[in-house]
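To start, the structure under review is shown below, and the notes come after it.
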Amino acid sequence: MKTIMLHIHDDSEQAGRLQIAIDLARAADAHITCLQLVGLEPLGIDPLGGFFGLSAMIETIHAHDHRFRQDLEARLRQEGVAWDWRCFDGAVIETLIAQSRLADVLVISQPVAGRQGADDPLPIVADVVLHNNAPVLVVPIGAKAFAANADAMLAWNGSAEAAHAMRLALPLLKRAACVHIVEVSDDRPGAPAADAALFLARHGIACEVHEWPAKGRRTAVALRHAATELDARYVVMGAYGHSRLRETVLGGVTRELIQSSTVPLLLAH
1 MKTIMLHIHD DSEQAGRLQI AIDLARAADA HITCLQLVGL EPLGIDPLGG FFGLSAMIET
61 IHAHDHRFRQ DLEARLRQEG VAWDWRCFDG AVIETLIAQS RLADVLVISQ PVAGRQGADD
121 PLPIVADVVL HNNAPVLVVP IGAKAFAANA DAMLAWNGSA EAAHAMRLAL PLLKRAACVH
181 IVEVSDDRPG APAADAALFL ARHGIACEVH EWPAKGRRTA VALRHAATEL DARYVVMGAY
241 GHSRLRETVL GGVTRELIQS STVPLLLAH
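Take 1 as the starting number for the sequence shown in the UniProt record's numbering and just add one per residue.
Right under this line is the structure:
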């Protein structure tokens, strides 16, 4: 894992995203590419259909983003990690997908409750996860650090998505103290967890298999409980979803964990 793509946007969770990317870069001796995206929209439209205030608005946005960039670059220069900066105007989702095709991981934030708009992380995460080659690390609200050498959890149901996520996460899982493979008792359509454990063991990764009882709870709730009880510092899981009528539709478990996980969530589709 040598190329980390970091979503840069001036929001309340940027500090957490940055710290997680820095911690990951240090653990993996990786390079951070900061991807600053600015969605430019006019302030309004006059009765004749012409834009007003556009030039002034763009100038204001760029001035603000330049100061924001200077502040983050000053921080990065003090951290001792390799990094570069890319800045784009326009469509956030399309640019994230295009720019992260050759990244090993894309770091983005968990949605903030009640937040909507063009830069709302839920549709961003949904589209990027389901249409991108690289796995997406969803950083929970209020995150302060990423412990690559602590215990990790693999959410396992034997599906192709789960196996794909496990393979893409191998460089990270090799650094974990122990990988807890968690199989929720009501959610096992495919290969048994023992097969996943054997796969990881052959890569020299210490792991344990847990059959976690659902106890009538939703799968996402059971997985959150498992992560807490096992003290897993991050969770790896396959992402489920599809595109329908130009709308990306996440599977229920994937959507719920994106919105509610309290630890970083590494997703791959």
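In this text, a Cβ means the ideal position worked out from N, Cα and C, and glycines have one as well.
Buried or exposed by the 16-neighbour rule on C-beta atoms within 10 Å, applied to P111: Along the sequence shown, one-based indexing puts residue 111 at 111. Looking at its Cβ environment, which holds 16 or more other Cβ atoms inside 10 Å, P111 is buried.
Span separating the alpha-carbon of E208 from that of R175: Translated into positions along the sequence shown, residue 208 becomes position 208. Translated into positions along the sequence shown, residue 175 becomes position 175. Spanning the two alpha carbons is a distance of roughly 15 angstroms.
What residue range is occupied by the uninterrupted beta strand (DSSP E) comprising G252? Counted from its first residue, the sequence shown places residue 252 at position 252. Here G252 belongs to no beta strand (DSSP E); instead the alpha helix (DSSP H) covers 252-260.
P42 versus G90 - alpha carbon distance: Position 42 of the sequence shown, counted from the first residue, corresponds to residue 42. Position 90 of the sequence shown, counted from the first residue, corresponds to residue 90. The predicted position of P42 is uncertain, since its pLDDT is 44 and thus under 50; no value can be drawn from it.
Given this structure, state the Cα-to-Cα distance separating P171 from V235, to the nearest angstrom. To locate residue 171, count along the sequence shown from 1; it is residue 171. To locate residue 235, count along the sequence shown from 1; it is residue 235. Straight-line Cα distance between these residues: approximately 14 angstroms.
Based on the DSSP output, what are the partners of W85 in its beta bridges? In the sequence shown, residue 85 corresponds to position 85, counting from 1. Note: W85 sits in a beta bridge opposite C34.
Measure the beta-carbon distance from C178 to A201 and round it to whole angstroms, keeping in mind my assumption that it falls under 8 angstroms. One-based indexing of the sequence shown puts residue 178 at position 178. One-based indexing of the sequence shown puts residue 201 at position 201. Not quite, the Cβ-Cβ distance comes to about 12 angstroms (not below 8 angstroms), so this is no contact.
Closest to L24 by CA distance: which of Q259, E256, H225, D104 is it? Within the sequence shown, residue 24 is the residue found at index 24, counting from 1. Here the closest residue by C-alpha is D104.
Go through its chain and collect everything with a Cβ distance to S109's Cβ below 6 angstroms, but skip five positions before and after it. Taking the sequence shown and counting its residues from 1, the one referred to as residue 109 is at position 109. Closer than 6 angstroms at the Cβ level, and outside the excluded window around S109, lie E13, R17, P121, V139.
According to DSSP, residues forming a beta bridge with V107: Taking the first residue of the sequence shown as position 1, residue 107 is located at position 107. In the DSSP output, where bridge partners are listed per residue, V107 has L6, L137.
Going by Cα to Cα distance, which pick from P135, D127, V107, H164 is closest to A145? On the sequence shown, residue 145 is found 145 positions in, with the first residue counted as 1. A145 has its Cα closest to that of V107, out of P135, D127, V107, H164.
Starting from I97, trace the alpha helix (DSSP H) in both directions and tell me its first and last residue. Residue 97 sits at position 97 when you count from the first residue of the sequence shown. First-last of the alpha helix (DSSP H) with I97: 92-99.
Under the DSSP definition of a beta bridge, which residues are partnered with residue 284? In the structure displayed, the chain extends from 1 to 269; residue 284 sits before or after that span and is not available.
Do H7 and V129 have their C-beta atoms closer together than 9 angstroms? What you label residue 7 is simply residue 7 of the sequence shown in a count that begins at 1. What you label residue 129 is simply residue 129 of the sequence shown in a count that begins at 1. Not closer than 9 angstroms, so no.
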